[in-house]
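Just so we're aligned: 133 in numbering that gives the first Met the number 0 is position 134 of the sequence shown, and the numbers increase by one with no gaps anywhere.
Beta carbons: idealized from backbone N, C-alpha and C, even for Gly.
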Amino acid sequence: MLGRLPARGQQVPLPPVDLGATSFVDGIGGPGVFLQNIVEPFHASQFNGGNGQRLPGSNSIDTFASITEVAYTSRYRIAGAYWGGELLVPIVHVDVATDLGVRGSQSGMGDLIFSPFLLQWPEKKLFGKPFFQRLHVAEFVLPTGRYDRNAAVNVSSHVVSAGPHYAFTLLLSPNWETSARLHYVWNSANNDPNPGYNASSIQPGQAFHFNATLSRKLRANVRAGVAGYYLKGTTDPKVGSVSLADSREQIAGVGPGLWVATKPLEIYMHVFFETGAENRPQGVRYVMRFVKIFPAKQKTT
0 MLGRLPARGQ QVPLPPVDLG ATSFVDGIGG PGVFLQNIVE PFHASQFNGG
50 NGQRLPGSNS IDTFASITEV AYTSRYRIAG AYWGGELLVP IVHVDVATDL
100 GVRGSQSGMG DLIFSPFLLQ WPEKKLFGKP FFQRLHVAEF VLPTGRYDRN
150 AAVNVSSHVV SAGPHYAFTL LLSPNWETSA RLHYVWNSAN NDPNPGYNAS
200 SIQPGQAFHF NATLSRKLRA NVRAGVAGYY LKGTTDPKVG SVSLADSREQ
250 IAGVGPGLWV ATKPLEIYMH VFFETGAENR PQGVRYVMRF VKIFPAKQKT
300 T
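As structure tokens, then:
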């Protein structure tokens with residue numbers, strides 16, 4: 000999270016969210032254990048204002064995140080779906096150098112992410128095609144990461160975030176699939192903000208964002224396609240009790256992706272080229288995911 004920026008619309012940025020970190024065949028799952036490490040470098044040398052205009056000066060941000068995820072889906076069923084939960088632990092480095100009032104860097108553990116109540120449905124049919132879906136009734140982000148109110152840059156947003164998300168995969172043919180994951184996020188107030196705000200609290204706005212993919216199986220262990228994401232702020236951030244007009248964030252990203260199944264891991268590789276930024280940086284995001292799945296053993300009679 001950046002500290003205070005004098006540029007309108009960038010004073011209270013949104014906490015980090017899932018932008019492209021989920022992709023091909025996202026909705027497919029079942030009982031068992033899912034292990035994943037997400038490696039996500041990002042670089043931007045363009046900061047945009049509220050109307051999408053490029054802000055003047057020399058401005059850059061570099062981030063690197065390594066996120067470890069453990070998910071478990073049980074055989075216990077609710078409404079026909081398997082119940083489960085997940086936990087994600089991020090390690091983050093942020094380096095910001097701008098002519099807008101912020102320069103600094105920080106490394107450390109980011110905010111803990113967990114979902115105690117996910118529902119994974121087995122295969123259904125939609126338009127006669129195999130259809131898979133999963134609902135996280137509520138996903139929470141807790142302010143457990145490194146935070147210093149006097150720092151210009153922090154790896155923790157120092158707020159509680161919460162919201163549902165829904166993922167699905169539709170197998171269009173034996174080789175083609177399309178998937179999406181839709182999120183909504185609410186953010187609490189930060190009651191210990193940087194003194195530069197001259198306020199007892201700040202609060203990021205709420206936002207909707209989604210990931211979407213279209214891919215084709217090229218071989219039994221290779222899949223290639225295109226993936227993208229979109230984020231749109233839905234409410235104004237606040238400094239104290241004052242809502243900041245024209246401060247809602249927007250960004251879109253799209254690019255190629257590749258999935259390769261090896262032993263013992265599945266590897267996902269993506270690059271996203273961003274466009275349409277409002278009140279945030281616009282750059283290039285890279286995502287690599289290393290996945291290991293341990294399906295639950297079949298019950299014997």
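Handout entry: Beta-bridge pairing of SER155 - partner residues as DSSP gives them
Key = For the purposes of this step, residue 155 is identified with residue 156 of the sequence shown, where counting begins at 1. Within the DSSP secondary-structure output, SER155 pairs in no beta bridge.
Handout entry: Of the listed residues VAL69, LYS291, VAL259, GLN249, nearest to GLN52 (C-alpha basis)
Key = Here residue 52 is taken as the residue at index 53 of the sequence shown, counted from 1. GLN52 has its Cα closest to that of GLN249, out of VAL69, LYS291, VAL259, GLN249.
Exercise for the section: With a 10 Å radius around its C-beta and 16 neighbouring C-beta atoms as the bar for buried, classify TYR267 as buried or exposed. Expected result: Numbered from 1 along the sequence shown, position 268 holds the residue referred to as residue 267. TYR267 should be labelled buried.
Practice task
Check whether the Cβ atoms of VAL140 and PRO163 sit closer than 8 angstroms, and answer yes or no.
Solution key: Against the sequence shown, residue 140 aligns to sequence position 141. Against the sequence shown, residue 163 aligns to sequence position 164. No.
Exercise for the section: Taking 8 angstroms as the cut-off, decide whether the C-beta atoms of GLU39 and ARG222 are in contact. Expected result: Taking the sequence shown and counting its residues from 1, one reaches residue 39 at position 40. Taking the sequence shown and counting its residues from 1, one reaches residue 222 at position 223. Remark: C-beta atoms of GLU39 and ARG222 do not approach each other more closely than 8 angstroms.
Problem - Exposure label - ARG279; buried when at least 16 CB within 10 Å - result: As a first step, residue 279 is located in the sequence shown; it is residue number 280 there, counting from the start. Under the 10 Å beta carbon count, ARG279 is surrounded by 16 or more other beta carbons and is classified as buried.
Exercise for the section: List the residues that DSSP assigns as beta-bridge partners of ILE250. Expected result: As a working note, residue 250 is residue 251 in the sequence shown. LEU230.
Handout entry: Whole-angstrom distance between ALA244 and VAL32, CA atom to CA atom
Key = Within the sequence shown, residue 32 is the residue found at index 33, counting from 1. Within the sequence shown, residue 244 is the residue found at index 245, counting from 1. Put simply, the backbone Cα of VAL32 is about 45 angstroms away from that of ALA244.
Handout entry: DSSP bridge partner residues for SER160 (one or two, in chain order)
Key = Stepping through the sequence shown from its first residue, residue 160 is reached at position 161. Residue pairing from DSSP places SER160 in a beta bridge opposite VAL140, ASN186.
Handout entry: Identity of the residues DSSP links to LYS262 by a beta bridge
Key = Residue mapping note: residue 262 aligns to position 263 of the sequence shown, counting from 1. Answer is none; LYS262 lacks a bridge partner.
Exercise for the section: Quick one: grab the DSSP three-state call for ASN194. Expected result: Residue numbering aside, residue 194 sits at position 195 when the sequence shown is read from its first letter. Per the sequence shown, the amino acid found at residue 194 is Pro instead of Asn. DSSP, reduced to helix, strand and coil, places PRO194 within a helical segment of the structure shown.
Problem - Residue range of the unbroken beta strand (DSSP E) whose run includes LYS296 - result: Residue 296 sits at position 297 when you count from the first residue of the sequence shown. That residue, LYS296, is in no beta strand (DSSP E); it is neither H nor E in DSSP.
Problem - Three CB pairs or more closer than 8 angstroms across the segment 87-100 and the segment 52-72 - result: Taking a cut-off of 8 angstroms for Cβ pairs, the segment 87-100 and the segment 52-72 touch, as three or more such pairs fall below it.
Handout entry: Backbone secondary structure at THR97 - three-state DSSP
Key = Counting from one through the sequence shown, the residue named residue 97 turns up at place 98. It is coil, neither helix nor strand.
Problem - Enclosing beta strand (DSSP E) for ALA206 [first to last residue] - result: As a working note, residue 206 is residue 207 in the sequence shown. 206-218 is the extent of the beta strand (DSSP E) around ALA206.
Practice task
Tell me whether ASN174 sits in a helix, a strand or coil according to DSSP, three-state version.
Solution key: Translated into positions along the sequence shown, residue 174 becomes position 175. Coil.
Practice task
Return the residue from the list ALA295, PHE289, PRO294, LYS296 that minimises the CA-CA distance to ASN36.
Solution key: For the purposes of this step, residue 36 is taken as the residue at position 37 of the sequence shown. Selected option, being the one with the closest Cα: PHE289.
Exercise for the section: Look up THR21 in the DSSP assignment and give the residues it is bridged to. Expected result: Residue numbering aside, residue 21 sits at position 22 when the sequence shown is read from its first letter. Residue pairing of THR21 in beta bridges, as defined by DSSP: absent, with no partner found.
Problem - Reduced DSSP secondary structure (H/G/I, E/B, other) of ALA150 - result: By one-based count along the sequence shown, residue 150 stands at place 151. The three-state reading of DSSP puts ALA150 in coil, since its state is none of H, G, I, E or B.
Problem - Residue from GLU273, GLY275, PRO255, LYS262 with nearest C-alpha to MET287 - result: Walking along the sequence shown from the start, residue 287 turns up at place 288. The option with the nearest alpha carbon to MET287 is PRO255.
Handout entry: Backbone CA spacing between GLU277 and GLN119 [nearest angstrom]
Key = Looking up residue 277 in the sequence shown gives position 278. Looking up residue 119 in the sequence shown gives position 120. Cα to Cα, the separation comes out at about 35 angstroms.
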